[in-house]
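Taking it in order: structure first as structure tokens, then the write-up.
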Amino acid sequence: MRGPGVGLGFSGERGLSGQGADTDTDAAELLPFLVPGARADLQAAAAQHVLALTGSGSGRMLLAGQTELLRALVELAVAPAPAPSRDASRALVNLAADPGLHRQLLAADPELPGRLLRCVLDPQWPWAEEAAAVLANLSREPAPCAALVEKLMAAEPERLGLERLVNALCVPSYNAAAPLHYLGPLLSNLSQQAEVRGPTAAASYPVHRLLGHHKWLLGPQVDILPFLLLPLAGPEEFSEEEMDRLPVDLQYLSPDKQREPDADIRKMLIEAIMLLTATAPGRKQVRDQGAYLILRELYSWEPEPDVRIACEKLIQVLIGDEPEAGMENLLEVQVPEDVERQLQQFDQQEQQELRGPGAS
71 MRGPGVGLGF SGERGLSGQG ADTDTDAAEL LPFLVPGARA DLQAAAAQHV LALTGSGSGR
131 MLLAGQTELL RALVELAVAP APAPSRDASR ALVNLAADPG LHRQLLAADP ELPGRLLRCV
191 LDPQWPWAEE AAAVLANLSR EPAPCAALVE KLMAAEPERL GLERLVNALC VPSYNAAAPL
251 HYLGPLLSNL SQQAEVRGPT AAASYPVHRL LGHHKWLLGP QVDILPFLLL PLAGPEEFSE
311 EEMDRLPVDL QYLSPDKQRE PDADIRKMLI EAIMLLTATA PGRKQVRDQG AYLILRELYS
371 WEPEPDVRIA CEKLIQVLIG DEPEAGMENL LEVQVPEDVE RQLQQFDQQE QQELRGPGAS
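Quick note: the sequence shown, position 168, residue 238 per this note's numbering, numbers continuous.
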């Protein structure tokens, strides 16, 4: 199954000539300014110009045929300061968001997945979030995903394998300068490969358990729910009785506590919790940890309609009656075809409402 993918859109500053991303400047002319040893100010300006080009389809196609330039961009993305690593990394995010360019990126630097993994797993690397987003974009398509999994499986001597990737996701503040939100979509994309989700992976890596063992995830060994709920929590005050129902990490939050600003990430967090409620024991554990209280306040605050809908569905699962005997596992319930058609119609109606009147 293909993962959700990530399509971050970064924009750049004005280019070398002061023009925007629609310039017809030959991309090859930028190469001398991007290579190691170039003057720092010109290198930074060239990286900004390339980033601006990647913001449009025509710009990405212009860069796609420039193998040496793509290779130089990768070198800058993994280079330490004072190199313009952030702009180079964001340009790679935009390029990797285009599936038609995956082959060119990997041809320019076959070691790209491994080099980006080193950045992602370096707790001191300031642009680890961008590196994770590049990998998440690359791993959406089967061929580059397979190449990435091969690199992960072969990287254990360097401790760059799946186990470290999962640990980085589960450890709070693994990187103080980068939140690593896009490790979730990356791991989801990687699960389309049999090596990741198969029986042999379960013995050596925690990914298999991460994807399926809800009791282990919600239990004291991992205790994942507070980590999923904390970004959704705001500065609201609860009664003493309600406060006692919440995990310790969610009690008495600061008055200036801010919710996760990215609506897509808020929705992913809600959907992750929804998966944890697929079984009766999972629903009980999520209820017992006071998830409803956080979701109730989130629903009242949430400005994005599609996130509100996801939140409402999860709340209904938590406050609704338990399914009848034999249907406790929501992921294993066989839905009749006529009911499935009705549900699809409801989803289409919801999407139409989100698009607004007059949309087609």
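Glycine is no exception: its CB is placed at the ideal position from the N, C-alpha and C atoms.
No experiment lies behind these values; they were computed from the predicted model shown.
Residue environment for serine 370: exposed (fewer than 16 other C-beta atoms within 10 angstroms of its C-beta).
Following the DSSP letters along the chain, one finds serine 155 inside the alpha helix (DSSP H) bounded by residues 155-166. In the three-state reduction of the DSSP assignment, threonine 137 falls in the helix class. Apart from the 5 residues on each side of it in sequence, leucine 186 sits with its Cβ closer than 7 Å to the Cβ of Ala201, Val204 and Leu205 in its chain, given in chain order.
Residue range 295-299 is occupied by the alpha helix (DSSP H) that includes phenylalanine 297. Of all C-beta pairs linking the stretch 301-315 to the stretch 256-263, fewer than three are shorter than 8 Å, placing the two stretches out of contact.
Taking each of Gln328, Pro351, Leu165 and Met338 in turn and checking the Cα distance to glutamate 367, the smallest one comes out for Gln328. Counting of Cβ neighbours within 10 angstroms places serine 128 among the exposed residues, the total staying below 16. With a cutoff of 7 Å on beta-carbon distance, leucine 101 and leucine 143 are scored as not near each other.
A Cβ-Cβ contact shorter than 7 Å links alanine 198 with asparagine 245. Excluding its 5 nearest sequence neighbours in each direction, glycine 304 has C-beta neighbours in its own chain below 7 Å: Lys327, Arg329, Glu367 and Trp371, listed in chain order. The beta carbon of cysteine 215 is closer than 7 Å to those of Ser209, Asn259, Leu260, Gln262 and Gln263 in its chain, skipping five residues each way along the sequence. In the DSSP annotation of this structure, tryptophan 197 is not part of any alpha helix (DSSP H), being labelled neither H nor E. Put simply, of Pro317, Ala122 and Pro152 the residue whose alpha carbon is nearest the alpha carbon of leucine 162 is Ala122. Within the stretch 323-407, the runs of alpha helix (DSSP H) at least 4 residues long that lie entirely inside it are, in chain order, 333-346, 350-358, 361-371 and 375-389. Here glutamine 321 is exposed: its Cβ has fewer than 16 other Cβ atoms, across all protein chains shown, within 10 Å.
Around leucine 300, the same chain offers Asp319 and Leu320 as residues with beta carbons nearer than 7 Å, after the five sequence neighbours per side are excluded. A straight-line Cα-Cα distance of about 11 Å links tyrosine 252 and alanine 238. With respect to aspartate 168, glutamine 118 sits apart: the two C-beta atoms are not nearer than 7 Å. Residues of the same chain with a CB within less than 6 Å of the CB of isoleucine 340, apart from the 5 flanking positions on each side, are Ala380, Cys381 and Leu384 in chain order. For the pair leucine 365 and leucine 287, the Cα-to-Cα distance works out to about 20 Å. For the stretch 176-216, the continuous alpha helix (DSSP H) assignments of 4+ residues that do not extend past its boundaries occur at 182-190 and 198-208, in sequence order. Residues Phe103, Leu104, Leu146, Ala153 and Pro154 of the same chain have their beta carbon placed closer than 8 Å to that of glutamine 113, with the five preceding and five following residues left out of the count. In the three-state scheme derived from DSSP, where H, G and I count as helix and E and B as strand, proline 169 is classed as helix.
The Cβ atoms of arginine 130 and aspartate 179 lie no closer than 7 Å to each other. When the beta-carbon positions are compared, glutamine 359 and proline 317 come within less than 7 Å of each other. DSSP places glycine 107 in the coil class of the three-state scheme, outside both helix and strand. Given a length threshold of 3 residues, the stretch 113-137 has no whole run of the beta strand (DSSP E) inside it. Taken atom to atom, the span from the alpha-carbon of aspartate 192 to that of arginine 353 is near 36 Å.
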